[in-house]
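Residue numbers (UniProt numbering), protein chains in the order written: chain B, 1 to 317; chain C, 1 to 317.
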């Protein structure tokens, strides 16, 4: 479904609309990990997250008729901003269903791009039900946050850029929520860095992907973690790709996530959101896996309420 | 005193020991400023601040006899870490006099590089008195944080790198405390980007440089600001350079500093310390000066206690 040409074409398509983000290194983080880490900084991406890639790739492929009716999605935050921004760039309307618990900074982001927000309860059922209503009313095209091949191909371009810059990676590790970034990362790795092992990191409080890998079929889990971007479960399009291409999923606790986030803020002087800290926490936790290795880490985003983050740090002391 | 060759030689000398830091841009910050901003990110520098440059340039020029006796300095923080790190890299001892009010993160930094800390009261008299004692006891060479041409030439290399990357800047703005960074920046500008106007930004609570420019002679001021790296006054070596080369000094309040710091954290996803936010605050405050212009901003460092930053953001709401 997603070929190397799909990813390269997506990259050419979205390139005028996204940042080529830097790959950062840190002697302090390398020392903690006992290996060489290469951070793909999607926290510096447009809208502050990799989601700008997939959303742009999907919206750019709509027909004129589809554009006229607008786009719709449900999202806990970064995808919502990304859809709103993509729609604004093309002059079309965006209808965004968001859980009422989404961080204020992410809601402000959507509003800043002119997206129309519909708040709902923070459950998958409530999101999907409200989205159906909105689409019935507007005729908008749904752009799913992850269970969509155009979105996955767009997310794959982050790892593509990483491999264009850094060669000979032993491991690449990405966070997993719905699996869009992880699927894209794994397909990019297959085509552009086939010697690199694909690992994933997941919050222990939302470990459906970990359980699904163990049982070989889609599993559900609770969705309870500070990593608010990773509370969704794998979809029917992402699960097979993850199962086939991902070697290992490492789960981490909220406490480990906060500690990893603090290390990155203090040592690298960059702001990452809790979801971005999940793969960092996995690297610091599963030391033996990464020691002496060259590991690429996809830092997925940087959208976090500052007061909230600093409260987490205080509580983590 | 400081020629173009001095700066280029300093750059070649320290290059193996420092980061070439990135120059970042931000559509969000440009929008706030109404002009094009180019941020030289010395918050990503070794020890988290530009001070790594000047300290390394000075320590590398010590004689073998001087190296044997070690180095000493007094500093509120970043220079202290920079001296300790430079000394460690060359295998020599570092004696650091620090005010007891220096941020804990900066003290931990000095200790992490094996520097020996001597705490004193947070006054210039107390610092100088204790430093004299330490030097009398050890025979160490003092490396002053700013009133030293080798240190200034090292600091000049940040602006040199900026001009190697970004041309046609209308303005460059740096924070001013003792004037080491500002002197270096102004000399680099004279030689490598002579069309660029040199401006400075200073906390209103420690505005000795602003007053000195007005009166034409060294003035003293209170030293009361959250920008803890900028509480010192110009020295007899930095004052003449500043007076000759700096067109304007803009003062900003602590409230303006906190607001600017928050904007940079939120919009750029990078961590800067209050002293770094001073020139950003000046750009946002004196809008007419910068509107429609291309301005380089030296972000001097990123060493801030995260809990302290939280308190500042909360109080600034």
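The beta-carbon is built from N, C-alpha and C at its ideal position, and this holds for glycine as well.
Local conformation of residue i per DSSP, three classes
i: residue 248 of chain C; result: strand
i: residue 243 of chain B; result: helix
i: residue 19 of chain B; result: coil
i: residue 2 of chain C; result: coil
i: residue 62 of chain B; result: coil
i: residue 99 of chain B; result: strand
i: residue 75 of chain B; result: coil
i: residue 231 of chain C; result: coil
i: residue 36 of chain B; result: strand
i: residue 286 of chain C; result: coil
i: residue 70 of chain C; result: coil
i: residue 296 of chain C; result: strand
i: residue 270 of chain C; result: strand
i: residue 28 of chain C; result: helix
i: residue 48 of chain C; result: helix
i: residue 302 of chain C; result: coil
8 Å CB neighbourhood of residue i in its chain, flanking five on each side removed
i: residue 218 of chain B; result: 208, 212, 233, 234, 236 and 239
i: residue 295 of chain C; result: 33, 35, 36, 37, 38, 169, 170, 171, 172, 173 and 283
i: residue 275 of chain C; result: 175, 177, 227, 228, 229, 230, 300 and 301
i: residue 148 of chain C; result: 54, 58, 180 and 237
i: residue 247 of chain C; result: 197, 198 and 199
i: residue 40 of chain B; result: 21, 23, 158, 159, 161, 162, 296, 297, 298 and 299
i: residue 291 of chain B; result: 33, 34 and 35
i: residue 287 of chain B; result: 33 and 34
i: residue 256 of chain B; result: 281, 284 and 285
i: residue 252 of chain C; result: 201, 202, 203, 204, 260, 278, 281, 282 and 285
Residues near residue i in its chain [Cβ-Cβ closer than 7 Å; skip 5 each side]
i: residue 189 of chain B; result: 159, 172, 196 and 198
i: residue 183 of chain B; result: 152, 238, 241 and 242
i: residue 84 of chain B; result: 94, 96, 110, 113, 114 and 115
i: residue 166 of chain C; result: 23, 38 and 296
i: residue 260 of chain B; result: 277, 280, 281 and 284
i: residue 11 of chain C; result: 157 and 160
i: residue 346 of chain B; result: In this structure chain B extends from 1 to 317, so residue 346 of chain B is not present and cannot be described.
i: residue 193 of chain B; result: 163 and 169
i: residue 7 of chain B; result: 153, 156, 157, 160, 187, 188 and 191
Own chain partners of residue i with C-beta closer than 6 Å, once the 5 adjacent residues on each side are dropped
i: residue 271 of chain B; result: 302
i: residue 245 of chain B; result: 186 and 198
i: residue 105 of chain C; result: 303 and 305
i: residue 45 of chain B; result: 19, 21 and 52
i: residue 74 of chain C; result: 97, 127 and 131
Cβ-heavy atom distance, residue i to the ligand ADP, below 7 Å
i: residue 99 of chain C; result: The ligand ADP is not part of this structure, which contains no ligands at all.
Does the stretch 159-173 of chain B come into contact with the stretch 85-98 of chain B, if we say contact requires no fewer than three beta-carbon pairs (one atom in each stretch) closer than 8 Å?
no
If the cut-off is 7 Å on Cβ atoms, which residues from the stretch 37-53 of chain B count as contacting chain C, listed in chain order?
43, 44 and 48
Can you give me, in chain order, the residues of the stretch 249-263 of chain C that have a beta carbon less than 9 Å from any beta carbon in chain B?
262
Positions along the stretch 270-283 of chain B whose CB lies within less than 7 Å of some CB in chain C
270 and 271
Evaluate contact between the stretch 119-127 of chain C and the stretch 96-103 of chain C, counting only Cβ atoms and requiring at least three cross-stretch pairs below 8 Å.
yes
Runs of beta strand (DSSP E) wholly within the stretch 113-161 of chain C (minimum 3 residues, chain order)
116-120
Residues in the stretch 291-315 of chain C with C-beta within 8 Å of chain B's C-beta atoms, listed in sequence order?
302, 306, 307, 309, 310, 313 and 314
If we require 3 or more residues per run, which beta strand (DSSP E) segments fall completely within the stretch 150-228 of chain B?
171-175 and 197-203
Does the stretch 254-265 of chain B come into contact with the stretch 133-142 of chain B, if we say contact requires no fewer than three beta-carbon pairs (one atom in each stretch) closer than 8 Å?
no
Contact residues within the stretch 13-28 of chain C, judged by C-beta distance below 7 Å to chain B
22
For the stretch 157-171 of chain B, which residues have a CB atom closer than 7 Å to at least one CB atom of chain C, in sequence order?
none
Taking one C-beta from the stretch 303-311 of chain C and one from the stretch 304-314 of chain B each time, how about it: are there three or more such pairs within less than 8 Å?
yes
According to a CB-to-CB cut-off of less than 7 Å, which residues of the stretch 94-126 of chain B neighbour chain C?
none
Chain B contacts made by the stretch 201-219 of chain C, where a contact means CB separation under 9 Å:
none
Members of the stretch 58-69 of chain C near chain B, C-beta cut-off 7 Å:
none
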